[in-house]
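Counting in the working numbering, the sequence shown runs from 1375 upward without gaps.
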Amino acid sequence: MAVGKKWSEVDYVYIPVFMEELKHWVLAEIDLAEQKINVYDSMASRVHENKVREVLTIYTIMIPFLLKATTFYQERKEIKKGDFALNFIEDLEVQQNGTDCGMFVIKRAEALMMDVDIKEIT
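What follows is the structure, encoded as structure tokens:
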């Protein structure tokens, strides 16, 4: 797990995102090498996805600007400049109430950072 490293030294960055309108947390996994943002949402539905997409679309534009403003592209020459795509991860566990989304985000981020199945995280 890479903590306190420059973005040019890692392939993934994890950001918990609070959806103010939905009063809901989702996890955004920024895949720097593939130039995509994987979205992990424990309340997946088409209507819900559309609202999350509205909020996270700005990240697909903002992240490349952030990287350009730093030395990222000079240090990671294999990565081309451009917008990032949103990718909603499907077939995830779904929360059974309206209050556990934060715990789902924490557990999912920990499992991804440790490269283990989420069932192994207690």
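For each residue, glycine too, the CB sits at the ideal point set by N, CA and C.
Nothing here was measured: the structure is a model prediction, and the numbers come from that model.
Relative to the Cα of residue 1417, the nearest Cα in the group 1471, 1451, 1432 and 1494 belongs to 1471. Taking the C-beta atoms as reference points, residue 1392 is found no nearer than 7 Å to residue 1381. Cβ neighbours of residue 1426 within its own chain (closer than 7 Å, five residues either side excluded): 1393, 1400, 1413 and 1415.
Within the stretch 1418-1495, the runs of alpha helix (DSSP H) that reach at least 4 residues and sit entirely inside it are, in chain order, 1420-1443, 1446-1449 and 1475-1488. Per the coordinates, the alpha-carbon of residue 1494 lies some 26 Å from the alpha-carbon of residue 1419.
Secondary structure of residue 1403 (DSSP, three-state): strand.
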